[in-house]
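Here the structure comes first, spelled out in structure tokens, and everything after it is commentary.
Chains as they are written, first to last, in this note's numbering: chain A, 1 to 305; chain B, 306 to 635; chain C, 636 to 971; chain D, 972 to 1312.
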């Protein structure tokens, strides 16, 4: 092994630091190994930056320009303008925060609920398993998007946290079931039993022994849930069942199709296409990046790189 | 056989429990609505000049319960009505029963989605097999890439793009409405061809957006089967290529079989976006309209039907699978 | 000292949705393992030998009978005390490829339990790394090359040694070694067996050795006792070499006969016979001798009454057979 | 047995079995891996005399299974046969036949019994249906006779034939599956049979009875058998000739009792000393030093056994020894023949 000599020199310092460091290094190695992954990574970083700093780049009330309603693409308006003459690019950038934050929170809720419940059900079995799985079945059976539509009548989606929470609630079922079945199959492997025999605590076994083994699955699910959440929330706004509190991509789509009639008047087309483009590029970025996740979390794949 | 019956009864029992749970969810949802719509309706009817008794009866017909009753009593009445397949009366379509509205909307959704489902399944599975077998060739790779891209695009984006391309950019197909309103509905050629041409885009949207999923699943299923020992064994025993392909296809399609029958259940609620974009009078649109007009009885009814469809298909899938796969059979 | 008395285990198998099947996995098994002693359990898969080992480690609860560790009946102890006592008995798994967490380095595995031990002993981080090195060296591994490796970078033999080293971190008094060499390359098996033997001799750790291969049981030391298990029942026991050379029970003889002969080195015993009938989990409970249906020497009485495990003369040898007869079935060396 | 008489016997056997069922020459198989090209099988010559049982011994990863796959011309990716010839019955070269001709030989002329742990049957079809599939693929006219023969074989193998034919794979136990595998290898009257670790996962008693059946059938049908295993016991018990495989090469070959009684390669000696035995002195047993060959072993220029060898010299590091005769049919690849450790 070519790394033996470096291992030895690092060992004299701090083995823990070495391991922590090695994860990030290996992660970067996995990402930079293929150009597609790198492109995906860069797209995700750009969108994240957009969500974080985007709203600070523009005044709180975006300027309107009555002389440039549905303006074509130009240097001043790279993506054209909307029905008030507001720059579409500015709308996309400022609208990213709600969309991405809600999606990230939704995915986080999904993954945290799903993982913890799946781990607990799969490891402890017995009554906790039965209870959790019955609830999971319920959430898996009720069609989630129609449920979201129905819930929109009582729930206020104004804050991304509220949106994210509901997206998480309706979405964790599949994750819990998958984590449970993985936990069950890991239980069959000797190392869980060995850990129990060695007197290690259930907490240690759940989160230090089992969790790292499902981490690449969780990582991938986090990313796919983000895309799923983005579609669901943008879809809700697009359908117009959720009141428009803040500007975001879904609101743009709704206005473009149902108010501006972008389908029949070509001048309004950029207004429709710019949020579509944003969605497509972000999807592409996540799909490309997904490829690297397995390699980042799996030491077996990591070493070969 | 005895096992089979016990399991069937158990599955149906738990299915009914599930339906009741969803029914109570919608019941309490309506009760939680801002401004309590049931009470509001009652008050409005009084204002319109009804006597309290008349108003009560009217409200009961609509919602299945009377607002003045205690909540427990209301709930029991509501559930009892459901057990008689009485979903109440619509508010926006005055005097029409919810079940009637749902029954007339369901065929639109069914035809639309079922056609799209079948088409995407057949093409996706076929493409998946090719993508798996030719996975190291450029053709196979491009099939896979097409699958992941189409899989990644959300349905409403797909719908809008297709609508833009084929109705605005190249105006080949009509946009909106299930048929040309200038034609008299009936069993005549212009009407049927109008129906057909209006259905092309929605069906296509559904098919394209689910094609990718079928392709990717079938591809990974075929690759898994190709790695199985018995496929190597069948080669070493010198079985004919056609027999071997049959073995692979049979084993690879089994997991997809479950997904397919499950999809049939999700069909009822699976086309909200498409029906909305193309203005199709199906169940999804019905659900949206009921929310728009705050027609709560209709909303609960539509949602309940969508859920019942899923539960039913779950049960059917379970039993069909145990017939198709000898390993599950006892 | 560890004592097992009249241990019974029933498993309920949910064969179908409606009916259940009860399997009698262990039947009135009794055995004693002194400190630093060794016992081998021999039998085919599904004979219940693994279940006995697992009950001893606390991984399964006996349906009946008692397990006495250092004079304490574990079923009479409170949960915490029982767990502490059972930790003195460590299970070494059959499959080294499954028994190590693929996401942990060897160092992480060793320190997980050593941290706990250090807390009990009020020792620091120094002690943990020192102890890690000590134990890895003890099992014949070089800590400097192996410490930061992941399991998939080790060979089967190295993995099995890591597993043994990890079991030693909790300072056990006994190891239950369940088919520990069956997944390891033939050329490396002896190394593991010798390691187990040296743990006995140097550290007085007793061994319960579970295997289907009688030959490997010979390498644990001369005073190892051999217990032959069939359908959950101990049917013959005695000192290893003695059982091999003078087997009384026809089943033991069948097992010995089934050992392949190394042509050119060995020649078969003169009474060798091959059993062709298959092992079947019988639907209903047998009344007579459990082996009667396959035994080439069975008499009518064998299927009517069940023979008990009875000691003959001296205290160590015992067999459960109505018609015991020593047969010369084991292979012997060819002299050159 | 004295040396003289054994040499005599050999002569007789050699003359009788002049014609080879399979004669493979100069087989090279290379695996492409991320770490480079690994020669999994290197310059291997192997003969399977008609009507004989040959055992091939090797540790995991020694390339022994790859070798028999190469003989069948069925090496799977990322492996590739670089060169070699496999002559069947002194006639055609398996590696040069058309795909269709190869297919007809596989299964019909050469039967293959898989590892016991492998599931060699289609899980969705009954055993009987799969026998019919096999028959149709090999243009068997009388399918009814085929089923009848299959039943006969299954009965010989100690199974309830009707029940087995109506069963799916998951309804059979490990030992039963293995017997069904043997039936599949023989039902088309193959005269060459390969057994790849076919008894490894079985219990002692099952293994013994399966070996006994193989022995009987071999005698009766004059089968040519190649037996591949890591378990020297099974091979020593069954085979007449033995090939010791190490890191992709044959290091010693000869008559089984000859090689075992008088091993010449240090690996063979070490292996024999390292196996737990039921007979003999336990204290003389010793584990083999070092680790099983890995990808680095394959890439060294000298003798592949160098790093584990107790009698190595510097010469061994520079050149690789060829397989050379040291007796009538006993060959060894070692520079230090005669030196004891």
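All residues carry an ideal CB built from backbone N, CA and C; glycine is no exception.
Source: prediction; values computed, not measured.
Between the CA atoms of residue j and residue i - distance to the nearest angstrom
{"i": "residue 268 of chain A", "j": "residue 254 of chain A", "result": "13 Å"}
{"i": "residue 794 of chain C", "j": "residue 811 of chain C", "result": "17 Å"}
{"i": "residue 107 of chain A", "j": "residue 99 of chain A", "result": "12 Å"}
{"i": "residue 1176 of chain D", "j": "residue 1147 of chain D", "result": "13 Å"}
{"i": "residue 549 of chain B", "j": "residue 1093 of chain D", "result": "10 Å"}
{"i": "residue 641 of chain C", "j": "residue 551 of chain B", "result": "55 Å"}
{"i": "residue 359 of chain B", "j": "residue 53 of chain A", "result": "60 Å"}
{"i": "residue 665 of chain C", "j": "residue 639 of chain C", "result": "5 Å"}
{"i": "residue 421 of chain B", "j": "residue 618 of chain B", "result": "18 Å"}
{"i": "residue 1022 of chain D", "j": "residue 990 of chain D", "result": "10 Å"}
{"i": "residue 172 of chain A", "j": "residue 114 of chain A", "result": "5 Å"}
{"i": "residue 2 of chain A", "j": "residue 1263 of chain D", "result": "At residue 2 of chain A, the pLDDT of 37 sits below 50, so the modelled position is not reliable and the matter cannot be decided from this model."}
{"i": "residue 1048 of chain D", "j": "residue 1172 of chain D", "result": "26 Å"}
{"i": "residue 833 of chain C", "j": "residue 698 of chain C", "result": "35 Å"}
{"i": "residue 178 of chain A", "j": "residue 139 of chain A", "result": "14 Å"}
{"i": "residue 886 of chain C", "j": "residue 864 of chain C", "result": "9 Å"}
{"i": "residue 954 of chain C", "j": "residue 944 of chain C", "result": "5 Å"}
Beta-ladder partner(s) of residue i, from DSSP
{"i": "residue 810 of chain C", "result": "C/725 and C/842"}
{"i": "residue 657 of chain C", "result": "C/647"}
{"i": "residue 673 of chain C", "result": "C/842"}
{"i": "residue 999 of chain D", "result": "D/1054"}
{"i": "residue 1010 of chain D", "result": "D/1001"}
Burial state of residue i, where buried means 16 or more other Cβ atoms lie within 10 Å
{"i": "residue 1216 of chain D", "result": "buried"}
{"i": "residue 429 of chain B", "result": "buried"}
{"i": "residue 304 of chain A", "result": "Confidence at residue 304 of chain A is low in this model, with a pLDDT of 46, below 50, so its placement is unreliable and no value can be given for it."}
{"i": "residue 47 of chain A", "result": "buried"}
{"i": "residue 347 of chain B", "result": "buried"}
{"i": "residue 325 of chain B", "result": "exposed"}
{"i": "residue 1201 of chain D", "result": "buried"}
{"i": "residue 28 of chain A", "result": "exposed"}
{"i": "residue 739 of chain C", "result": "buried"}
{"i": "residue 925 of chain D", "result": "There is simply no residue 925 of chain D to check, as chain D begins at 972 and stops at 1312 in what is shown."}
{"i": "residue 642 of chain B", "result": "Outside the displayed span of chain B (306 to 635) sits residue 642 of chain B, for which this structure offers no information."}
{"i": "residue 656 of chain C", "result": "exposed"}
{"i": "residue 1276 of chain D", "result": "buried"}
{"i": "residue 1069 of chain D", "result": "exposed"}
{"i": "residue 728 of chain C", "result": "buried"}
Neighbour list for residue i in chain C, Cβ cutoff strictly below 8 Å
{"i": "residue 198 of chain A", "result": "722, 725, 747, 748, 801, 802, 804 and 805"}
Listed by chain order, chain B residues near residue i by CB distance under 8 Å
{"i": "residue 1047 of chain D", "result": "537"}
{"i": "residue 1155 of chain D", "result": "542"}
Chain-ordered chain D contacts of residue i [CB-CB under 8 Å]
{"i": "residue 821 of chain C", "result": "1030, 1201, 1202, 1203, 1242, 1245 and 1246"}
{"i": "residue 848 of chain C", "result": "1175 and 1247"}
Neighbour list for residue i in chain A, Cβ cutoff strictly below 7 Å
{"i": "residue 581 of chain B", "result": "239"}
Where residue i meets chain A, residues with beta-carbon distance less than 8 Å
{"i": "residue 415 of chain B", "result": "Those within 8 Å of residue 415 of chain B in chain A number zero; the least Cβ separation is about 15 Å."}
Quiz item: What residues from the region 872–897 of chain C come within 8 Å of chain D, judged by C-beta to C-beta, listed N to C?
Solution: Going along the region 872–897 of chain C in chain order, one finds 879, 889, 890, 891, 892, 893, 894, 895, 896 and 897 with a Cβ nearer than 8 Å to chain D.
Exercise. Taking a Cβ distance cut-off of 7 Å, strictly less, list which residues of the region 1258–1287 of chain D are near chain C, in chain order.
Key: Those would be 1258, 1259, 1262 and 1263, in chain order.
Quiz prompt | Where the region 1128–1154 of chain D meets chain B: residues whose CB sits under 9 Å from a CB there | solution = Result list: 1139, 1140, 1141, 1142 and 1152.
Self-check item: Interface positions of the region 1154–1183 of chain D facing chain C (Cβ-Cβ less than 8 Å), listed along the chain
Solution: For the region 1154–1183 of chain D, the residues whose beta carbon sits under 8 Å from a beta carbon of chain C are, in order, 1174, 1175, 1176, 1177, 1178, 1179, 1180, 1182 and 1183.
Quiz prompt | Residues of the region 593–621 of chain B whose Cβ lies closer than 7 Å to any Cβ of chain A, in chain order | solution = Taking 7 Å as the Cβ-Cβ cut-off against chain A, the residues of the region 593–621 of chain B that qualify are 593, 596, 604, 608, 611, 612, 615, 616 and 619.
Quiz prompt | Proximal residues, the region 117–131 of chain A versus chain C, C-beta separation under 8 Å | solution = None of the residues of the region 117–131 of chain A has a beta carbon lying less than 8 Å from any beta carbon of chain C.
Exercise. Name, going along the chain, the residues of the region 137–157 of chain A whose beta-carbon falls closer than 8 Å to a beta-carbon of chain B.
Key: Contact annotation: in the region 137–157 of chain A, residues whose CB is within less than 8 Å of a CB in chain B are 137, 138, 141, 142, 143, 145, 146, 147, 149, 150, 151, 152, 153 and 154.
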